[in-house]
Structure formats: structure tokens, C-alpha cells
Amino acid sequence: MTSGSLLRKELTPLASRLRELVGYELSPEKDYLLETRLTPVAKRFGLNDVATLLRALAGDPDPRLAQAVAEAMATHETSFFRDPPVFEALRKVVLPQLFERVSGRKVRIWSAAASTGQEAISTALLCLELLGSRAVERVEILATDFASEPLARIRAGVYSSFEVQRGMPSALLVRYFEPAGRDFRVKPMVAALIRCERHNLLDSPRHFGCFDLILLRNVLIYMDPPTRQRVLAQIHGAIFPDGWLVVGATETLTGLCDLFRPDGLGHVFYRPVCGRGS
0 MTSGSLLRKE
10 LTPLASRLRE
20 LVGYELSPEK
30 DYLLETRLTP
40 VAKRFGLNDV
50 ATLLRALAGD
60 PDPRLAQAVA
70 EAMATHETSF
80 FRDPPVFEAL
90 RKVVLPQLFE
100 RVSGRKVRIW
110 SAAASTGQEA
120 ISTALLCLEL
130 LGSRAVERVE
140 ILATDFASEP
150 LARIRAGVYS
160 SFEVQRGMPS
170 ALLVRYFEPA
180 GRDFRVKPMV
190 AALIRCERHN
200 LLDSPRHFGC
210 FDLILLRNVL
220 IYMDPPTRQR
230 VLAQIHGAIF
240 PDGWLVVGAT
250 ETLTGLCDLF
260 RPDGLGHVFY
270 RPVCGRGS
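Heads up: the sequence shown at position 152 corresponds to 151 in numbering that gives the first Met the number 0, and the numbers run straight through without jumps.
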């Protein structure tokens, strides 16, 4: 059975599980991905085909199967310094202000939908460029994702030539990466700034503490409005009152919630109306 022959009603269990597990909406435009992404999952769990897998999801599935399906259907599209104007604003305005203002503790940054780590690493490189060897004493970056495989990529710190060619300036590549066969590995000075944790954005992040800068980019677009509001409420509880929230270039919080207000840096930068603080 091909994905094209699956009726939308047959996809209801999958859509429900994705929404329940990670808050993602399964739009009709993504139906074509089903066969490619879920056939390997079906085989791994001894199921005949995607249709059998969908029937299993409709019942009381093995939690490992549900998690594997959610991870397989997730979009992990990312690149180094994606949306350059955002990183330019971070470099020129946000990070310098944080480094000047925050004292007595580290500046805390959260890459909340980290995928394979390009966003967290790009941010770490900005910090190293601004602070040099002092960065490890002044900055901590938390990179989270609900999927385990992308986090393993971040911990390994190895990226292909194709991946580094997508956005990584040659000067930074030379300065902060080392050859690893045909690939490139981040140097220890970069890895030292980043900590990886598995985290579902639907869950409370309170155990992580508060952050000065939260990057929540290109993830809200995969959620319906109620789920976006739920996630933003969680994020709001984890940001300092004078912190920044950054969303994706195609995302907006206008009309969605009143927990954040636009910042003058651009339409992707927001400030909490009343952060949790500590």
C-alpha cells in the first residue's frame, strides 16, 4: 500500500499520536512522506507495512513504537546561521547586551528545538567570537530536542562537507572545526559551551531553570494554535523578565498570545510581558 492510497481517516491515529506526543500537526501536504519515513519503522517493529503500523497506533501501541513514529515524522531541516539577519542581530545587539548586563552567573541560552545542532553551534561561535577563551566561563547553551538521534549528532559534533557548506563562513570553519576524515568536527572549545538534553516542548522546562535567550525557531509552524499557546506558556515560565525569545522567520506571536511583546530588533524578536525570573 502506498501513501497515496491511504485515506485521511486511516491517518487519524497517526495525526492524533503526533499531536499527543509532540504537538505536531500532520497536514495533507505531508502525506507523501509517510511511505518513505514509516516503512523502516514498520520493519524495525516487525510490522508488514505502513497500514499495519497505523492500525497498531490506533490501539494501545508500544510507547517505543509511538516515539519512533514521532521521531520519523519530525522535520529536522536546519543549517548553520540560518536566517543571517537573526544572527547578525544576536551578534551586534542581543549578546553584547547580555554579556554587559549579566554578572555573577553565566549567560544562559536555550536552543529549544535544536535538531542536529547547527543553531546551537552557530550561537556558540558568536559567543566565542565576542568573548574568546572567556566564553566557557560566561556562557552555557542548552540544546534540546524530543528525538534522541539528533542529540547524538550534536554530542558527536561531526558534520559533513555538505552541511558545513550550508551557511558556515570559511573563516569560522577553519577556526572552530577540525578535519574528521571527509567530515568536520567541532573543536573542544565549541563543544564545551553546549549541553544536550532530551526534552518535549509540551512538557514543563522548569527543571532547566531560567534563560536569558530562548531560540524557538521554525517549530511553532508545525503546531495548531492551541498547542502553540501551550508551548509558549511553557517557554514563558523559563525566561528571565528581561530576556529575549526568538522565533522563526515565517512565525509570529501576534494575535496568538499576550505573554510576549515584539522587540524593536525585528519581527522574530520578542520580550516576555512578565517573565518568571529567579
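The beta carbon of each residue, even a glycine, is placed where N, CA and C say it ideally should be.
What do you get for residue i, buried or exposed, if any count of 16 or more other CB atoms within 10 angstroms of its CB means buried?
i: Asp59; result: exposed
i: Thr253; result: exposed
i: Gln117; result: buried
i: Val173; result: exposed
i: Ser169; result: exposed
i: Pro62; result: exposed
i: Asn47; result: exposed
i: Arg16; result: buried
i: His206; result: exposed
i: Ser277; result: Legend: pLDDT at Ser277 = 44, less than 50; position of this residue unreliable, value from coordinates given subsequently. Exposed is the call here.
Please name the residue in the options whose C-alpha comes closest to that of residue i.
i: Ser114; options: Leu10, Ala248, Leu215; result: Leu215
i: Thr146; options: Val21, Val272, Cys273; result: The question names Thr, yet the displayed sequence has Ala at residue 146. Ala146 has its Cα closest to that of Val21, out of Val21, Val272, Cys273.
i: Gly208; options: Arg36, Glu139, Arg184; result: Glu139
i: Val163; options: Leu130, Ala155, Val185; result: Val185
i: Cys195; options: Thr51, Asp144, Val189; result: Asp144
i: Ile120; options: Ala71, Leu141, Tyr269, Val106; result: Leu141
i: Arg152; options: His75, Leu37, Cys256; result: His75
i: Arg36; options: Ser160, Glu177, Leu13, Ala71; result: Ala71
i: Pro187; options: Thr77, Ala155, Thr251; result: Ala155
i: Arg107; options: Lys42, Gly131, Phe86, Glu136; result: Glu136
i: Arg181; options: Arg197, Phe161, Arg165; result: Phe161
i: Phe79; options: Thr249, Pro204, Ser159; result: Ser159
i: Asp257; options: Pro84, Leu264, Leu231; result: Leu231
i: Ala43; options: Leu264, Leu212, Val68; result: Looking at the sequence itself, residue 43 is Arg, so the reference to Ala does not match. The residue with the shortest Cα to Cα distance from Arg43 is Val68.
i: Arg229; options: Phe210, Gly247, Asp202; result: Asp202
i: Leu125; options: Glu148, Phe259, Pro95; result: Pro95
i: Gly263; options: Met222, Pro39, Ala55, Val85; result: Val85
i: Leu171; options: Asp223, Met222, Thr122; result: Thr122
i: Leu130; options: Glu148, Arg54, Leu97; result: Leu97
i: Ala55; options: Val218, Leu13, Glu34; result: Leu13
i: Glu148; options: Glu34, Arg197, Thr51; result: Arg197
Measuring only the C-alpha atoms, how far is residue i from residue j?
i: Glu24; j: Arg133; result: 42 Å
i: Ala65; j: Asp241; result: 38 Å
i: Leu150; j: Gln233; result: 21 Å
i: Leu200; j: Val157; result: 25 Å
i: Ile220; j: Arg227; result: 8 Å
i: Val49; j: Ala73; result: 17 Å
i: Leu127; j: Ala190; result: 11 Å
i: Glu19; j: Ala57; result: 13 Å
i: Lys91; j: Tyr175; result: 20 Å
i: Cys273; j: Leu244; result: 13 Å
i: Lys105; j: Val93; result: 15 Å
i: Arg270; j: Ser110; result: 16 Å
i: Leu255; j: Val267; result: 14 Å
i: Glu87; j: Glu250; result: 19 Å
i: Pro204; j: Gly103; result: 23 Å
i: Thr77; j: Gly45; result: 31 Å
i: Met0; j: Met167; result: With a pLDDT of 44 at Met0, under the threshold of 50, the modelled position of that residue is not reliable, and the figure given next carries that caveat. The straight-line gap from Cα to Cα measures roughly 41 Å.
i: Phe239; j: Leu192; result: 20 Å
i: Pro39; j: Glu99; result: 50 Å
i: Ala179; j: Pro83; result: 27 Å
i: Val101; j: Asp223; result: 35 Å
i: Pro261; j: Ala41; result: 44 Å
i: Phe210; j: Ala248; result: 21 Å
i: Phe259; j: Val246; result: 11 Å
i: Thr11; j: Val218; result: 21 Å
Identify whether residue i lies in helix, strand or coil by the three-state DSSP scheme.
i: Arg260; result: strand
i: Ser78; result: coil
i: Gly247; result: coil
i: Val189; result: helix
i: Pro224; result: helix
i: Thr35; result: helix
i: Glu148; result: helix
i: Val138; result: strand
i: Thr253; result: coil
i: Arg229; result: helix
i: Pro240; result: strand
i: Arg270; result: strand
In chain order, which alpha helix (DSSP H) runs of at least 4 residues are fully inside the region 84 to 121?
-> Correct list: 94 to 100.
Fully enclosed by the region 152 to 214, which alpha helix (DSSP H) runs are 4 residues long or longer?
-> For the region 152 to 214, whole alpha helix (DSSP H) runs of length 4 or above, ordered along the chain, are 160 to 164, 169 to 175, 187 to 190.
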